[in-house]
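So the sequence shown is numbered by my numbering: it starts at 1 and just counts up by one.
Backbone N, C-alpha and C fix where the C-beta goes; we use that ideal spot for every residue, glycine too.
Let me begin by presenting the structure, written as structure tokens, before commenting on it.
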Amino acid sequence: MATLQDFKTEEKSWWCPGCGDFGVLAAMQKALVAVGAEPRTTAIVAGIGCSGKLGNYINSYNIHVTHGRTLPAALGLKLANRDLLVLAAGGDGDAYAIGMGHFMHALRRNVNVTYIVMDNHVYGLTKGQTSPTSESGFKTKTTPKGSIDRPVHPLMLAVSAGATFVAQGFSSWQPQLARLIQQGIQHPGFALINVISPCVTYNKVNTYDWYKKTLLNLDDDPSYNPHSRPEALARLDATDELVTGLIYQEESEPYETQIAGFRDTPLVAQDWHVDNATWNQILKSFE
Ligand SMILES: Cc1ncc(C[n+]2csc(CCOP(=O)(O)OP(=O)(O)O)c2C)c(N)n1
Ligand code: SF4
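See the structure below:
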């Protein structure tokens with residue numbers, strides 16, 4: 001059985017002290033241990049952004065893909081090797097701006113991948129521009145007079161686009177976040193976990209204190225039913241998505257087990273090996 005230590009790497013952290021991404025990393029490692037995962041059968045596909053550095057800090061297979069292309073790579077990986085536990089991770093820019101087209105289709109396709117979006121309402125890596133989840137009026141170097149755009153609402157989008165698992169966590173609320181990631185991994189289908197992960201350097205509006213005052217925890221409301229799509233949409237609308245907890249989950253069968261002929265047979269043989277000559281031939285065919 002792998003331990004927390006097994007999922008750590010020696011890589012020195014690149015993040016600013018206090019960045020919310022530290023909490024997301026810790027919760028992911030706890031969730032991996034809780035589900036009994038092993039580093040050699042776990043893969044993280046991470047996007048470009050401060051958040052995308054996360055793959056370097058989890059001992060597992062790791063693909064650091066181009067900006068916005070986390071989901072096609074993660075879904076392809078899972079379809080090619082269903083024995084892998086595949087997690088995708090990236091920022092709100094990666095997911096809901098350049099990656100939005102992939103996001104919508106991943107939701108309705110329902111491949112068994114857990115997608116963790118580290119949402120700080122700003123572009124961190126490129127030094128603080130407005131992102132799709134920035135609030136109207138948010139001032140940055142790209143919007144010095146305040147953003148005119150209305151923000152994207154990723155949770156309502158996900159629930160209405162056919163998602164089978166949608167949750168939101170807060171990087172400071174570790175036990176809940178680790179549990180939500182664990183539930184997402186155990187969900188047989190595509191799981192979106194949007195994580196409020198404050199950027200202490202470029203977002204001085206949506207701070208830890210601000211979230212602690214405004215976030216409502218669905219765990220404190222026993223009357224909430226996370227298995228009703230209309231109820232989820234109504235709650236998200238009423239709270240402006242400022243909630244944490246399991247928002248929506250339905251029974252699901254993942255895409256990959258529904259592919260005719262592949263229900264019981266992995267797509268890739270266990271000892272898949274390509275010799276150098278064949279590999280060079282494949283590369284040459286792209287010239
Ligand atoms: C195709 C492409 N377009 C733009 C960029 C520049 N770029 C890199 S990261 C980024 C946004 C980062 O914001 P987010 O995804 O929210 O992640 P964060 O850094 O906040 O974690 C942008 C626009 C890029 N690397 N590649
Ligand atoms: S710039 Fe913001 S998102 Fe990036 S590491 Fe620093 S605090 Fe985190």
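Selected residue, minimal CA-CA separation from residue i, among the options
i: Ala-27; options: Thr-214, Ser-223, Val-195 and His-227; result: Val-195
i: Pro-154; options: Ala-277, Ala-37, Ile-247 and Asn-276; result: Ile-247
i: Leu-71; options: Gln-29, Thr-41, Gly-55 and Thr-114; result: Thr-114
i: Ala-2; options: Gly-20, Ala-31, Glu-10 and Pro-17; result: Ala-31
i: Gln-129; options: Thr-42, Ala-97 and Asn-110; result: Ala-97
i: Gly-49; options: Gly-90, Glu-10 and Ala-158; result: Gly-90
i: Leu-25; options: Arg-40, Gln-5 and Gly-36; result: Gln-5
i: Thr-239; options: Ala-191, Lys-78, Ala-106 and Asn-217; result: Asn-217
i: Phe-103; options: Gln-281, Gln-258, Leu-125 and Val-152; result: Val-152
Residue i versus residue j - alpha carbon distance
i: Gly-189; j: Leu-87; result: 12 Å
i: Leu-215; j: Ile-58; result: 28 Å
i: Ala-80; j: Ala-74; result: 10 Å
i: Asp-237; j: Glu-287; result: 51 Å
i: Asn-225; j: Val-274; result: 50 Å
i: Glu-38; j: Asp-83; result: 11 Å
i: Ser-13; j: Gly-55; result: 11 Å
i: Leu-283; j: Thr-66; result: 20 Å
i: Gly-184; j: Phe-165; result: 7 Å
i: Thr-278; j: Ser-285; result: 11 Å
i: Thr-133; j: Asp-119; result: 8 Å
i: Asp-219; j: Ala-232; result: 14 Å
i: Glu-253; j: Gly-162; result: 13 Å
Run of the alpha helix (DSSP H) containing residue i, from where it starts to where it stops
i: Tyr-208; result: 208-214
i: Thr-257; result: Careful: Thr-257 lies outside any alpha helix (DSSP H) and carries neither H nor E.
i: Ile-185; result: 174-186
i: Thr-239; result: 229-239
Endpoints, the beta strand (DSSP E) within which residue i is located
i: Gln-168; result: 165-170
i: Val-33; result: From DSSP, Val-33 is part of no beta strand (DSSP E) but of the alpha helix (DSSP H) over 21-34.
Bridge partner(s) assigned by DSSP for residue i
i: Lys-8; result: Ile-58
i: Val-195; result: Met-118 and Gly-169
i: Thr-130; result: Val-122
i: Gln-249; result: Phe-165
Just to be sure I understand the criterion: a residue counts if its Cβ is closer than 5 Å to at least one heavy atom of ligand 2. Which residues meet that? Any residue whose Cβ sits closer than 5 Å to a heavy atom of ligand 2 makes the list: Trp-15, Cys-16, Cys-19, Cys-50, Gly-124, Cys-199, Val-200 and Thr-201.
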